[in-house]
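Worksheet: one structure, shown below.
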Amino acid sequence: MPEHVFTKSTHHSTKPGWAELYQHYSRFSQYTRPDKGYFTLDIFSIVIAVITNTAMIWLMGRPLSLIQSGQYDALPMVLGMFTFVLLVNQAAQLGGGWLTNWLGLRFIGRLRNAMVSRLLHLSFPVAGQAARGDLLARLSNDVDHVSTILVEARLMLVSHVLTLVLYTTMLFWIDVRLALIALAAVPLFVLHQRFFSERKRRATEGFLQTNGKLLAFEEQGLANFRGVSANAAENHVTAMHKKVFARVSAWAVRERGLGVAFGVSFTLLIYLVGLMIALFGLDDVRSGEMPVGLLVSFLLYMGYLSMPVRGLAGIAFQYAGNVPAALRILEIMDAEPAVEDKPAAPDLCVSQGQIDIDAVSFVYPGGATVLHHAQVHIRGGETVALVGPSGAGKSTLAMLLLRFYDPQQGRIAIDKQDLRAVNIASLRQNVAVVWQESFVLNDTIRANLLMARPDATEEQLIVACQRSHAWGFIEALPEGLASALGAGGVELSGGQKQRLAIAQAFLRDAPILILDEASSALDSQSEQVIVQALDALRANRTTLLIAHRYSSIRTADRVIYFEADGSFTVGRHEEFMASHPAYRDAVQWQTTEHT
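Numbering (the working numbering), first residue to last: 28 to 622.
So this is what it looks like as structure tokens:
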């Protein structure tokens with residue numbers, strides 16, 4: 028599946044409607060549903076905070092009316108009530124604020140975990156073709172954008188609506204005429220929000236896409252220090268980074284500029300409406316129709332009313348503006364895996380470990396034919412070397428055997444069970460793989476070993492490390508198996524990482540092995556010892572040895588040569604040396620090269 032499958036649906040030529048936006052966001056509700064009770068508690072604290080805010084504003088104007096009428100004895104009681112209401116208000120805001128942040132973190136954790144799980148279950152043929160930097164941007168920035176809508180905005184919507192209702196009620200209770208004048212300005216705010224929201228959505232979409240490309244470029248550059256330095260390309264890569272960042276910066280400036288312009292222009296509208304209300308209210312105070320305290324309370328309600336009005340406009344602004352982030356996440360969640368289990372697929376049962384490649388043809392999506400009517404029967408317990416030029420399909424066959432892909436034609440069977448008919452997890456539990464490039468988690472040695480066998484005992488871990496000749500360097504580390512390996516196993520040499528991978532294969536104890544030139548990363552002194560360990564590991568197991576060096580073929584029972592037309596030629600090493608010119612030339616070239 029090409030990389031553009033993770034970018035195609037974020038391009039929208041038309042503005043999505045509110046119903047469409049709701050449909051997109053509602054798909055994330057499953058990640059907030061487990062905290063329904065806590066959301067209710069948070070809403071309760073919001074209700075208390077809004078009610079006490081309403082009471083505080085009324086109490087702020089009350090002393091002025093008492094002073095105007097000369098009722099000084101009533102002032103202490105009003106001030107005492109204000110203090111009590113203030114304390115309740117602050118307690119509610121403290122509890123609600125903490126709950127909102129906590130709920131946001133729980134939502135982010137659930138969604139990110141679901142995305143990681145989905146990517147892992149898609150398997151690398153799908154997920155691996157997307158730039159890792161872009162995937163990281165979706166896991167971080169995009170999730171934060173969606174969290175803003177599903178948690179913060181949802182709770183603030185309750186706060187803003189309740190505040191708007193209570194404050195508007197108080198405005199009408201104080202003075203109907205002034206309240207109607209204030210409400211007459213509402214269409215201005217609606218038009219204002221509509222003007223900015225679509226521009227914000229387009230700017231956010233552009234920023235997220237270009238920022239994903241920037242992170243992908245940075246991840247690729249930082250992962251290849253050696254290559255950049257070896258080619259003296261530091262200045263060139265720096266200049267490329269500057270160009271990519273300039274595109275991101277342009278979209279970021281536009282997005283943030285729209286946010287600033289929205290806030291400033293909204294504030295200006297609020298002050299203009301408030302100024303108009305104040306002018307009308309002063310006439311009522313001057314004529315004695317309204318106590319000065321009521322006018323102060325009215326203006327305070329009017330001023331603070333700008334917060335829910337602005338907040339609701341901001342939520343609508345974000346609701347439309349953050350939808351590209353939601354769509355980028357949904358692209359991951361909706362992506363189809365390259366292979367899937369059939370309903371109620373049985374587990375694979377391996378007794379002998381026979382493998383049948385039956386008229387298999389395979390073409391990578393958008394690529395050339397790799398295998399064409401490939402045919403071979405591999406006996407149980409047999410070691411078969413897979414040989415051929417680079418790109419001929421050796422690793423492809425291993426991936427087909429693990430069902431990372433399915434062949435377009437033909438079938439692959441283990442002990443006469445078609446791999447497409449059995450459970451994928453059970454298939455992979457019966458196959459141990461040592462790739463040429465070892466996979467190491469940024470964790471301890473023990474945690475990396477337990478990936479192969481989570482229920483392994485300490486003794487089993489040690490025995491596996493001893494058999495792979497990894498125990499020597501592990502035992503020398505201050506913390507032994509508890510030693511941290513760092514990102515990408517930076518604390519280990521290439522050979523040490525390979526020995527850990529071999530230890531994992533010992534732990535897995537699977538009936539079928541795939542060795543991707545498993546000893547190639549080892550120094551010459553320890554290679555012979557490791558080869559002996561691998562020979563012991565291969566005993567009574569079916570082994571596919573992906574051979575990049577012809578010196579490793581010596582112990583194979585048979586050789587499968589991958590021809591240029593995608594077919595197989597099968598035989599013994601001696602037979603190939605006598606009858607296969609390409610094989611003989613490659614062996615002689617490597618022999619001459621290393622003498």
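Cβ atoms here follow ideal geometry from the backbone N, Cα and C, with glycine treated the same way.
- The beta carbon of Leu-198 sits closer than 6 Å to the beta carbons of Ala-206, Tyr-328 from its chain, once the five residues preceding and following it are set aside; these are given in chain order.
- Thr-195 and Arg-355 have their alpha carbons spaced roughly 39 Å apart.
- For Thr-396, the enclosing beta strand (DSSP E) starts and ends at 396-405.
- Cβ neighbours of Asp-433 within its own chain (closer than 7 Å, five residues either side excluded): Val-366, Arg-447.
- A residue is called buried when at least 16 other Cβ atoms come within 10 angstroms of its Cβ; Gly-522 meets this threshold and is buried.
- Going by DSSP, Ile-176 is part of no beta strand (DSSP E) at all; its letter is neither H nor E.
- Here Gln-436 is bridged, per DSSP, to Ser-388.
- Within a 10 Å sphere around the beta-carbon of Cys-376 sit fewer than 16 other beta-carbons, which makes this residue exposed.
- Counted as a single uninterrupted DSSP element, the stretch harbouring Val-366 is not any alpha helix (DSSP H), since DSSP gives it neither H nor E.
- Gln-444 carries a strand assignment under DSSP once its states are collapsed to helix, strand and coil.
- For Asp-592, the closest C-alpha among the options Val-387, Leu-512, Pro-505 is that of Val-387.
- When C-beta atoms of the region 63-75 are compared with those of the region 180-192, three or more pairs fall below 8 Å, so the two segments count as touching.
- Secondary structure at Thr-484: coil, using DSSP grouped into helix, strand and coil.
- Looking at the backbone, the Cα of Ala-452 and that of Phe-431 are separated by about 11 Å.
- In the DSSP assignment, Arg-204 falls outside any beta strand (DSSP E) and lies within the alpha helix (DSSP H) extending over 203-210.
- As DSSP reads the structure, Ile-501 sits in no beta bridge.
- In the structure shown, Thr-59 adopts coil according to DSSP, grouped into three states.
- Around the C-beta of Val-203, fewer than 16 other C-beta atoms lie within 10 Å, and the residue is accordingly described as exposed.
- Look at Val-449 here: in three-state DSSP terms it is coil, with no helix or strand label.
- In the displayed model, Arg-226 falls within a helix according to three-state DSSP.
- Looking at the DSSP output, Val-414 shares a beta bridge with Tyr-588.
- In this structure Thr-396 is exposed. Its beta-carbon is surrounded by fewer than 16 other beta-carbon atoms within 10 angstroms.
- In this structure Ala-440 does not touch Asp-368 by the C-beta definition: roughly 17 Å separates them, more than the 8 Å allowed.
- As a beta-bridge residue in DSSP terms, Ala-511 pairs with Thr-471.
- With a contact defined as Cβ atoms closer than 8 Å, Ile-541 and Leu-428 qualify at about 7 Å.
- In the three-state reduction of the DSSP assignment, Phe-595 falls in the strand class.
- According to the DSSP assignment, Val-105 belongs to no beta strand (DSSP E) but to the alpha helix (DSSP H) extending over 102-149.
- Secondary structure note for Asp-543: its beta strand (DSSP E) is the uninterrupted segment 539-543.
- Look at Thr-569 here: in three-state DSSP terms it is strand.
- Nearest to Gly-341 by C-alpha distance, out of His-399, His-268, Arg-221, Lys-270, is Arg-221.
- Per DSSP, Ala-46 is one residue of the alpha helix (DSSP H) stretching across 45-53.
- Here Ala-230 is near Arg-281, since their CB atoms are less than 8 Å apart.
- Here Ile-359 is not near Gln-381, since their CB atoms are 8 Å or more apart.
- Beta-bridge partners assigned by DSSP to Ile-73: none are found.
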